[in-house]
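Residue numbers (the working numbering), protein chains in the order written: chain A, 809 to 1059; chain B, 355 to 804.
Don't be surprised by glycine CBs; every beta carbon is placed ideally from N, CA and C.
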């Protein structure tokens, strides 16, 4: 059974059709890249998967490990193992990063019927994951993402990903706003999480990120549909030729 | 209206006392004036002020959002001396909070000072704690000359307090004395019968002294009491003073509170108001910075639900140079509750280098809650930094989604964001034990909200 199976997905935002019959199948252990021009529906796909209000699915289905994903609230999707790394991680003044992490981990465990993580165990896990990502203790004590640079916010997303141990990670334009050094740290963090039971959907406009997170499959998204699928060399082709041919095909 | 012949004033007096509550207050005055302790002239002058103006109503700008004339359908009879049963109920009032901060607990029942319920053992040298009623009856001159003079005000609710004040506490702290323990002033309404409670307290804090006063108002549930309480705080130079007022469940169906604070030079002063669970609350604060170089925080948090109403009216006067004040007020509103913030900072011409920033923020959790905010700055000096900000809004849906996307259920996500919102005000408290106690109260409120 595929981990994620999207069939004929149609979705609207404010009455505007953004996804128009999208099909996508992702197997465990694989890394899929979704590339496309601005406005092709990349971020909409990410938000529909995570369950954001205002994204209305009008047709089609999404099955996550065989279950109807669209029937679940966002927090239940997360507890089932879906993780969305935000393109623009939000700042939450007054909520310390440590509190946020512990609340999230324990809420997910509770929903899955697991015992809460003991504090020393939690602290050890955070320290370890943070060390790899170059996140210092001071950042963990501050409000979530408050005063963080763009790179620090993205590293914090990867830290959450590492601690929540999801089965499917959707990375929404994780490369946006990152310089090359920050990009490398983030990509290394993601690569460390690659595992036979875990899959990734990497959404990006540019091929650059895919030099560091090497995909198994590359899809081209245009006007709300997958219009081409290939291997990692497809990303290089897109980088050389641009998206113009796909936009024209649809016109 | 300002210039009138004597006869015309008499006419106005008759005209102003007209509602049932106003007439009952006038009747209470006639009955009680001869037996209330202390100089009659002080009380009579104050009562005349009330008689001329009547209860404040919505056309009185300072009371625009808390219309006392409309809210007071009647005036309750003055509270009598508490009986044994009332005192028994007060035995553990405020004990949990007081012990969590290791405070010396001073108890009042229906406005009367209860030495036998209070912890008066081993008072620090230089600290005295006594009854206001006794001080007035004994003609204690420092008390009779100080009452109403700390920060003079023409406010009618305060005038009523001056006319009817029954008891309260007089605290004196000698210069240079640092209190080892906070003082918890526990005002308990026994709920024996609906009553009007008028308390007046004075705290005279000497130069260089250190004190923390935690005033709490609570009571037996469902009582229809009308509470009018006032505190005059005179703080000497170089002192360090915290005053916290907690207005909770049973603080009165109608609770009107006045703080008058006159602050000396180079003082560290922190004022904090925590309001949750009371029906109608008006906290009015008159704070005057009279000496230079003082640093002050005046903060508050209100958690309101149902039809609760909380009004914070703040008048801060900078009359001395180079004082810094930060005013931060946060309210969380559910149901049909209403919060009012009126804040005025005035900076006198000589108060150069004043640094004052005031903000009021309301978080509306329901469609039917209402927040009114009226910040004002009156600046007569030219070299100052002053600002104010005010917001009212719902929880940020994008933040909620971010938390839910991490697996946190909606209610828990809301609670986290509400705690964070309140946190900015609560974190201003210096005493960690008290801060934790109030954070626990916020958590309990959120839990009860379900």
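Could you have a look at residue i and say whether DSSP puts it in helix, strand or coil?
{"i": "residue 739 (chain B)", "result": "strand"}
{"i": "residue 814 (chain B)", "result": "Any answer about residue 814 (chain B) is impossible in this case: the structure gives chain B only from 355 up to 804."}
{"i": "residue 706 (chain B)", "result": "coil"}
{"i": "residue 1013 (chain A)", "result": "coil"}
{"i": "residue 438 (chain B)", "result": "helix"}
{"i": "residue 659 (chain B)", "result": "coil"}
{"i": "residue 426 (chain B)", "result": "coil"}
{"i": "residue 929 (chain A)", "result": "helix"}
{"i": "residue 718 (chain B)", "result": "strand"}
{"i": "residue 364 (chain B)", "result": "Because residue 364 (chain B) sits at a pLDDT of 48, beneath the cut-off of 50, its placement in the model cannot be relied upon, and the following sentence gives the value as read from the coordinates. If DSSP states are grouped into helix, strand and coil, residue 364 (chain B) belongs with the helices."}
{"i": "residue 939 (chain A)", "result": "helix"}
{"i": "residue 387 (chain B)", "result": "coil"}
{"i": "residue 382 (chain B)", "result": "helix"}
{"i": "residue 455 (chain B)", "result": "coil"}
{"i": "residue 950 (chain A)", "result": "coil"}
{"i": "residue 838 (chain A)", "result": "coil"}
{"i": "residue 420 (chain B)", "result": "coil"}
{"i": "residue 700 (chain B)", "result": "strand"}
{"i": "residue 776 (chain B)", "result": "helix"}
{"i": "residue 681 (chain B)", "result": "strand"}
{"i": "residue 1021 (chain A)", "result": "coil"}
{"i": "residue 868 (chain A)", "result": "strand"}
{"i": "residue 614 (chain B)", "result": "strand"}
Pop quiz: residue i and residue j are said to be a contact at Cβ under 8 Å. What is the actual Cβ separation, rounded to whole angstroms?
{"i": "residue 860 (chain A)", "j": "residue 1005 (chain A)", "result": "That belief does not hold up - the Cβ atoms of residue 860 (chain A) and residue 1005 (chain A) are roughly 26 Å apart, past 8 Å."}
{"i": "residue 582 (chain B)", "j": "residue 514 (chain B)", "result": "6 Å"}
{"i": "residue 789 (chain B)", "j": "residue 778 (chain B)", "result": "With 8 Å as the limit, residue 789 (chain B) and residue 778 (chain B) do not qualify as a contact, their Cβ atoms being about 12 Å apart."}
{"i": "residue 943 (chain A)", "j": "residue 975 (chain A)", "result": "With 8 Å as the limit, residue 943 (chain A) and residue 975 (chain A) do not qualify as a contact, their Cβ atoms being about 24 Å apart."}
{"i": "residue 699 (chain B)", "j": "residue 712 (chain B)", "result": "6 Å"}
{"i": "residue 460 (chain B)", "j": "residue 539 (chain B)", "result": "5 Å"}
{"i": "residue 687 (chain B)", "j": "residue 668 (chain B)", "result": "19 Å between Cβ atoms; not a contact."}
{"i": "residue 966 (chain A)", "j": "residue 994 (chain A)", "result": "6 Å"}
{"i": "residue 501 (chain B)", "j": "residue 615 (chain B)", "result": "Incorrect: roughly 15 Å between the Cβ atoms, too far for contact."}
{"i": "residue 982 (chain A)", "j": "residue 893 (chain A)", "result": "5 Å"}
Going by Cα to Cα distance, which pick from the options is closest to residue i?
{"i": "residue 924 (chain A)", "options": "A:869, A:818, A:910 and A:1044", "result": "A:910"}
{"i": "residue 865 (chain A)", "options": "A:1014, A:951 and A:830", "result": "A:830"}
{"i": "residue 373 (chain B)", "options": "B:391, B:396 and B:410", "result": "B:410"}
{"i": "residue 673 (chain B)", "options": "B:465, B:727 and B:640", "result": "B:640"}
{"i": "residue 697 (chain B)", "options": "B:719, B:686 and B:637", "result": "B:637"}
{"i": "residue 827 (chain A)", "options": "A:879, A:1002, A:1047 and A:854", "result": "A:854"}
{"i": "residue 753 (chain B)", "options": "B:745, B:746, B:764 and B:744", "result": "B:764"}
{"i": "residue 838 (chain A)", "options": "A:1002, A:1034 and A:918", "result": "A:1002"}
{"i": "residue 580 (chain B)", "options": "B:561, B:572, B:678 and B:608", "result": "B:608"}
{"i": "residue 689 (chain B)", "options": "B:569, B:720 and B:671", "result": "B:720"}
{"i": "residue 470 (chain B)", "options": "B:448, B:444, B:482 and B:486", "result": "B:444"}
{"i": "residue 723 (chain B)", "options": "B:484, B:748 and B:386", "result": "B:748"}
{"i": "residue 825 (chain A)", "options": "A:883, A:848, A:920 and A:833", "result": "A:848"}
{"i": "residue 393 (chain B)", "options": "B:493, B:726, B:612 and B:450", "result": "B:493"}
{"i": "residue 678 (chain B)", "options": "B:661, B:503, B:738 and B:512", "result": "B:738"}
Between residue i and the rest of its own chain, which residues show a CB-CB distance below 6 Å, the 5 nearest in sequence each way excluded?
{"i": "residue 990 (chain A)", "result": "959"}
{"i": "residue 552 (chain B)", "result": "515, 518, 519, 520 and 582"}
{"i": "residue 532 (chain B)", "result": "564"}
{"i": "residue 899 (chain A)", "result": "953 and 954"}
{"i": "residue 1013 (chain A)", "result": "none"}
{"i": "residue 802 (chain B)", "result": "none"}
{"i": "residue 404 (chain B)", "result": "510, 513 and 514"}
Give every residue of the same chain whose Cβ lies closer than 7 Å to the Cβ of residue i, excluding the five residues on either side of it in the sequence, and list them in chain order.
{"i": "residue 971 (chain A)", "result": "909, 913, 933, 934 and 937"}
{"i": "residue 381 (chain B)", "result": "none"}
{"i": "residue 388 (chain B)", "result": "none"}
{"i": "residue 377 (chain B)", "result": "371"}
{"i": "residue 703 (chain B)", "result": "734 and 735"}
{"i": "residue 693 (chain B)", "result": "656, 658, 664, 685, 687, 716 and 725"}
{"i": "residue 572 (chain B)", "result": "447, 448, 542, 602, 603, 604 and 605"}
{"i": "residue 1044 (chain A)", "result": "1015"}
{"i": "residue 574 (chain B)", "result": "443, 543, 544, 545 and 604"}
{"i": "residue 874 (chain A)", "result": "809"}
Sorted by chain position, which residues of the same chain lie with C-beta nearer than 8 Å to residue i's C-beta, five sequence neighbours on each side aside?
{"i": "residue 364 (chain B)", "result": "In this prediction, residue 364 (chain B) scores a pLDDT of 48, lower than 50, which makes its location untrustworthy; no coordinate-derived value is stated."}
{"i": "residue 890 (chain A)", "result": "857, 858, 872, 877, 974, 975, 976 and 978"}
{"i": "residue 1065 (chain A)", "result": "In the structure as shown, chain A starts at 809 and stops at 1059, and residue 1065 (chain A) therefore has no counterpart that could be examined."}
{"i": "residue 561 (chain B)", "result": "529, 530, 590, 591, 592, 593 and 618"}
Taking Cβ positions only, does residue i come closer than 9 Å to chain C?
{"i": "residue 908 (chain A)", "result": "Any reference to chain C falls outside this structure, whose protein chains are A and B."}
>> Runs of 3 residues minimum, wholly inside the stretch 879-923 of chain A: which ones carry the beta strand (DSSP E) assignment?
In response: 890-893 and 900-904
> What alpha helix (DSSP H) runs, 4 residues minimum, are completely inside the stretch 487-552 of chain B?
Replying inline: 495-500 and 510-518
> Can you list, in chain order, the stretches of the beta strand (DSSP E) that have 3 or more residues and sit fully within the stretch 619-670 of chain B?
Replying inline: 622-630, 634-643 and 649-658
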